[in-house]
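Data block below; observations after.
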Amino acid sequence: MTQSAMCIPLWPARNGNTAHLVMCPFAGGSSSAFRHWQAEQLADCALSLVTWPGRDRLRHLEPLRSITQLAALLANELEASVSPDTPLLLAGHSMGAQVAFETCRLLEQRGLAPQGLIISGCHAPHLHSERQLSHRDDADFIAELIDIGGCSPELRENQELMSLFLPLLRADFYATESYHYDSPDVCPPLRTPALLLCGSHDREASWQQVDAWRQWLSHVTGPVVIDGDHFYPIQQARSFFTQIVRHFPHAFSAMTALQKQPSTSER
1 MTQSAMCIPL WPARNGNTAH LVMCPFAGGS SSAFRHWQAE QLADCALSLV
51 TWPGRDRLRH LEPLRSITQL AALLANELEA SVSPDTPLLL AGHSMGAQVA
101 FETCRLLEQR GLAPQGLIIS GCHAPHLHSE RQLSHRDDAD FIAELIDIGG
151 CSPELRENQE LMSLFLPLLR ADFYATESYH YDSPDVCPPL RTPALLLCGS
201 HDREASWQQV DAWRQWLSHV TGPVVIDGDH FYPIQQARSF FTQIVRHFPH
251 AFSAMTALQK QPSTSER
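Quick look at the structure:
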């Protein structure tokens, strides 16, 4: 993968044929939230984290309030930077799953379909999220984020941080909450093999809501349940990557550090 503005490399490629996993983060997610992933390479693949406009290396850009606009940007970047010989896996958690799905759709239309799509912790496009935050005032908005677990209580005590991060958070939540289709009939199901993941105690996306993605996908496995709440990819990183390697073995040359089996169940 050549240099990309949107994709921050976390794990290097070990050889020319190494699979490349591109991860789209949750609303409000940035490289700091995934710093523990960088500390230990848990799968034999290159790993890049997508950064949204307004943060990290793209902090000079205005944040976008549209899932389809974010997906168009990412699809263009991947088309320009990923070698056709590189096995590409596209993953997303929560809001990131919506971007990953739309990006995969665009890549399929261009004849550049990835080898796998991972949809994690997100309701299907014809459903609505459990919570609607984007219309709340600042105090309620932050309180809900703290309850979800995606925001430190210290944020509301620090006006400087509030002024910096609140516009980014609001843009993300507007984007994810306004992303909706009335019916799966609006487009053909994606052809890319897909894996569905969900947390055992996720209050934001239930097993049934994740399972509803089946109506949008032609070849799908799961939902596989991983122990944890909405942020299980951070809390249970080894389990998260184990499931990806297990379900897309053709994209990986070895199991590397994933020999230890996690505590998961498949329904």
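Numbering (full-length UniProt numbering), first residue to last: 1 to 267. Glycine included, every Cβ here is placed at the ideal spot set by N, Cα and C.
**Message:** I'd like to confirm the pairing. Which residues does DSSP put opposite T221 in its beta bridges?
**Reply:** L195
**Request:** Could you say which of T176, I226, L168 lies nearest to L61 if we only look at CA atoms?
**Result:** L168
**Asked** What is the C-beta distance between G222 and L190, in whole angstroms, given that I count them as a contact (C-beta under 8 Å)?
**Response** Incorrect: roughly 15 Å between the Cβ atoms, too far for contact.
**Prompt:** Could you give the C-beta distance for P125 and Y174, rounded to a whole number, given that I count them as a contact under 8 Å?
**Reply:** Rounded, the Cβ-Cβ distance is 16 Å, inconsistent with contact.
**Prompt:** Start and end of the beta strand (DSSP E) containing G92?
**Reply:** 88-93
**Prompt:** Would you report the Cα separation of S218 and P114, rounded to the nearest angstrom?
**Reply:** 14 Å
**Request:** Mark R105 as exposed unless 16 or more other C-beta atoms lie within 10 angstroms of its C-beta, in which case mark it buried.
**Result:** buried
**Request:** Please report the residue range of the beta strand (DSSP E) in which residue 315 lies.
**Result:** In the structure as shown, the chain begins at 1 and stops at 267. Residue 315 is therefore absent and cannot be evaluated.
**Asked** Given 8 Å as the limit, is there contact between the stretch 9-24 and the stretch 40-58, that is, 3 or more CB pairs closer than that?
**Response** yes
**Asked** Taking just the CA atoms, how far does G228 sit from Q235?
**Response** 7 Å
**Cβ-Cβ distance between I226 and S206 below 8 Å** = no
**Message:** Does the contact criterion of 3 or more C-beta pairs under 8 Å hold for the stretch 237-247 versus the stretch 208-218?
**Reply:** no
**Prompt:** Among all the DSSP beta bridges, which residues are the ones paired with G228?
**Reply:** G228 pairs with nothing; no bridge assigned.
**Prompt:** Taking DSSP as the reference, what is the three-state secondary structure of P167?
**Reply:** helix
**Message:** Using the three-state DSSP reduction, which class does H20 fall into: helix, strand or coil?
**Reply:** strand
**Request:** Leaving aside the five residues before and after S183 along the sequence, list all residues of the same chain whose C-beta is less than 7 Å from its C-beta, in chain order.
**Result:** H126
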